[in-house]
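Peer 1: Numbers 1 to 452, taken from UniProt numbering, label the letters of the sequence shown in order. First, the structure itself, so that you have it in front of you.
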Amino acid sequence: VKALPIILVNMRLGNRLVASTVALSAAVHAAIETNFTSSVNPNHITLPSIPQLTSYNVNTECTYYNPNVPIVAKDWPTSWSVATSNGMDKSAEFTSLYNTIKWSSAPTSAVRKASAGGALDFSGYDMNKDPDCWWSATTCVTPKHPGVLADIYRCPEPDFNPSYQQTDTWGLTFDDGPNCSHNAFYDFLQHNNQKASMFYIGSNVMDWPYGAQRGVKDGHHIAVHTWSHPLMTTLTNQEVLAELYYTQKMIKLVTGVTPKYWRAPFGDQDDRVRWIASQLGMTSIVWNLDTNDWAAGDGETLAQVQDAYDDYIKMGTNGTFATSGNIVLTHEIDNTTMSLMMKNYAKIKKAYKHVVDVATCMNITHPYVESSPTHKTFANMLAVSAPSSNASSAVSTDGSSEAVTNGNGTAPSVSASVSAQPTTSLAAKTYDNTLTLFVALVSFIVTLAASM
């Protein structure tokens with residue numbers, strides 16, 4: 001099977017950054033086309049009227065339901081086990097996929113070791129030379145091996161321009177979803193017309209499929225966060241591939257979209273892991289600010305996490321992000337983390353002119369293998385929205401789901417933070433058309449290479 005060349009693109013159209021892209025091998029593309037199926041139209045998702053999707057009582061929200069998605073347990077890894085479980089690594093489908101990959105081109109980074117408590121073993125690794133761009137050891141984001149896409153770790157938009165009164169951009173991301181108790185949180189984002197990058201765990205998508213469907217329906221940027229949330233560098237090549245492949249496949253089955261972006265749990269990746277992800281057409285998104293919200297009440301106090309929020313909010317006004325933005329790590333892991341974001345949202349909006357998902361800040365109009373749904377470029381986002389700093393927070397500080405209700409299980413009244421939207425500007429349309437032509441040119445080159 002002839003492999004198509006990997007095309008690495010990191011360029012500008014006008015003065016706008018276009019994210020790197022990667023072309024799949026013909027064999028892997030064929031496998032995904034064959035094995036990834038869905039009856040869900042991501043542009044027309046209708047959620048059922050069941051209490052689990054409207055209540056703010058965590059016991060009701062997290063009551064199991066029978067979804068209208070055909071998830072057959074024997075065809076998938078065991079929930080919350082490494083994705084080679086349940087015989088997936090021996091299946092004809094996975095074996096065929098594995099054998100289509102040219103493993104002789106893969107970086108030969110060692111499989112890392114970790115203690116029983118999950119602490120990575122850095123002994124013997126040269127952190128000065130950092131030959132494998134091991135993020136956990138050095139926070140390296142620029143691969144050392146050829147054919148591996150660099151990580152996205154900050155929002156570069158908008159480029160510094162004196163015409164902007166404020167250039168600061170907060171890249172809004174949430175890990176570990178979909179959480180069964182996220183109704184109040186997603187309602188809050190929806191009421192504020194706020195989009196985010198949501199990194200979904202495959203096991204959570206299988207367990208709570210309507211939660212994932214809501215993420216797509218609400219227009220969030222959906223990305224992969226592995227099947228079982230492991231330290232990826234401690235896994236074998238087979239295990240890494242399975243963690244990513246089955247999560248992509250589950251998200252496709254449930255939502256109708258196949259993500260092209262992912263995030264390693266704990267940020268733990270090196271060039272070997274990145275290379276395997278690139279074989280599935282996926283680019284890594286990490287972060288440059290970490291709230292440590294996941295540790296609130298378990299290793300860190302709420303006050304310590306709030307201090308981190310306060311520090312990062314202050315950076316929006318003190319010039320730290322005057323010429324480029326950040327990407328902030330936060331979670332929808334539980335009611336505490338979600339409530340912390342809602343509590344701080346108004347302050348973030350006041351300090352940062354732009355609060356956007358990563359797809360938008362990187363001008364990724366097509367974050368999925370499918371042609372739609374699409375996302376706005378940063379220029380289009382500016383042209384069609386007029387954000388206000390008057391976003392309201394309807395959450396108390398005790399972190400409970402019930403704290404954001406009106407006392408009767410209904411959604412709180414949260415004022416929208418976006419005014420009427422004017423028609424897209426001619427400049428924005430011209431830019432988007434140019435980007436479309438560029439994507440078409442890349443596709444033509446890939447097709448031509450395949451026929452050679």
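Virtual Cβ for every residue (Gly too), placed ideally from N, Cα, C. For clarity, every value in this text was computed on a predicted model and none was experimentally measured.
1. Report the option in Thr169, Leu302, Gly297 and Trp103 whose CA atom is closest to the CA atom of isoleucine 327.
2. Taking 6 Å as the limit between beta carbons, can you name the residues of its chain near histidine 220, skipping five residues before and five after?
3. Counting only runs that start and end within the segment 166-254, where is the beta strand (DSSP E) found for 3 or more residues in a row?
4. For a test of the three-state rule: what should DSSP assign to threonine 95, helix, strand or coil?
5. Taking the alpha-carbon of threonine 365 as reference, which of Val358, His354, Thr377 and Gln306 has the nearest alpha-carbon?
6. Let's test the definition: count the other Cβ atoms within 10 Å of the Cβ of glutamate 239 and tell me whether it reaches 16, buried, or not, exposed.
7. I need the straight-line Cα distance from valine 257 to tryptophan 294, nearest angstrom please.
8. Could you tell me which of Ala30, Glu370 and Pro70 sits nearest to tryptophan 208, measuring between CA atoms?
9. According to DSSP, is serine 105 part of a helix, a strand, or is it coil?
10. Tell me, to the nearest whole angstrom, how far the beta carbon of arginine 112 is from that of threonine 236; I am working on the premise that it is less than 8 Å.
11. Since I believe histidine 225 is in contact with aspartate 175 (beta carbons under 8 Å), could you give me their beta-carbon distance rounded to a whole number of angstroms?
12. DSSP state of alanine 322, grouped into three classes?
13. Out of curiosity, what's the CA-to-CA distance linking histidine 145 and tyrosine 352?
14. Can we say the segment 257-276 touches the segment 121-141, given the rule of at least three CB pairs closer than 8 Å?
15. With a threshold of 7 Å on Cβ separation, who are the neighbours of isoleucine 50 within its own chain once the five nearest residues in sequence on each side are excluded?
16. Put proline 51 into one of helix, strand or coil per three-state DSSP.
17. Is the segment 238-254 close to the segment 177-197, with three or more CB pairs under 8 Å?
18. For threonine 60, which option in Asn183, Leu253 and Trp76 has the closest C-alpha, if you only look at C-alpha atoms?
19. So for proline 146, helix, strand or coil by DSSP?
Peer 2: Quick look at the numbers:
1. The sequence position of residue 327 within the sequence shown is 327, counting from 1. Checking every option, the nearest Cα to that of isoleucine 327 belongs to Thr169.
2. Locating residue 220 in the sequence shown gives position 220, counting from the first residue. Closer than 6 Å at Cβ, skipping near neighbours: Lys195, Ala196 and Met198.
3. If we require 3 residues or more, the beta strand (DSSP E) runs fully inside the segment 166-254 come out as 169-177, 197-200 and 221-224.
4. Locating residue 95 in the sequence shown gives position 95, counting from the first residue. The DSSP-derived three-state label of threonine 95 is helix.
5. As a working mapping, residue 365 is identified with position 365 in the sequence shown. Closest in C-alpha terms to threonine 365, from the list Val358, His354, Thr377 and Gln306, comes Thr377.
6. Taking the sequence shown and counting its residues from 1, the one referred to as residue 239 is at position 239. With 16 or more other Cβ atoms inside 10 Å of its own Cβ, glutamate 239 counts as buried.
7. Counting from 1 along the sequence shown, the entry for residue 257 is found at position 257. Counting from 1 along the sequence shown, the entry for residue 294 is found at position 294. So the alpha carbons of these two residues sit roughly 27 Å apart.
8. Against the sequence shown, residue 208 aligns to sequence position 208. Relative to tryptophan 208, the option among Ala30, Glu370 and Pro70 whose CA is nearest is Pro70.
9. Locating residue 105 in the sequence shown gives position 105, where the first residue counts as 1. DSSP places serine 105 in helix when its eight states are reduced to three.
10. Counting from one through the sequence shown, the residue named residue 112 turns up at place 112. Counting from one through the sequence shown, the residue named residue 236 turns up at place 236. So it is not a contact: roughly 11 Å between Cβ atoms.
11. If you number the sequence shown from 1, residue 175 lands on position 175. If you number the sequence shown from 1, residue 225 lands on position 225. Right, their Cβ atoms sit about 6 Å apart.
12. By one-based count along the sequence shown, residue 322 stands at place 322. Looking at alanine 322 - three-state DSSP - the assignment turns out to be coil, as it is neither helix nor strand.
13. By one-based count along the sequence shown, residue 145 stands at place 145. By one-based count along the sequence shown, residue 352 stands at place 352. Approximately 36 Å between the Cα atoms of the pair.
14. Yes, the segment 257-276 is in contact with the segment 121-141.
15. If you number the sequence shown from 1, residue 50 lands on position 50. Here the set comprises Tyr65.
16. On the sequence shown, position 51 is the one that residue 51 refers to. Here proline 51 carries a helix assignment [DSSP, helix/strand/coil].
17. Counting Cβ pairs under 8 Å, fewer than three are found: no touch.
18. Mapped onto the sequence shown, residue 60 falls at position 60. When each option's Cα is compared against that of threonine 60, the closest is Asn183.
19. Looking up residue 146 in the sequence shown gives position 146. In the structure shown, proline 146 sits in coil (DSSP, three-state: anything other than H, G, I, E or B).
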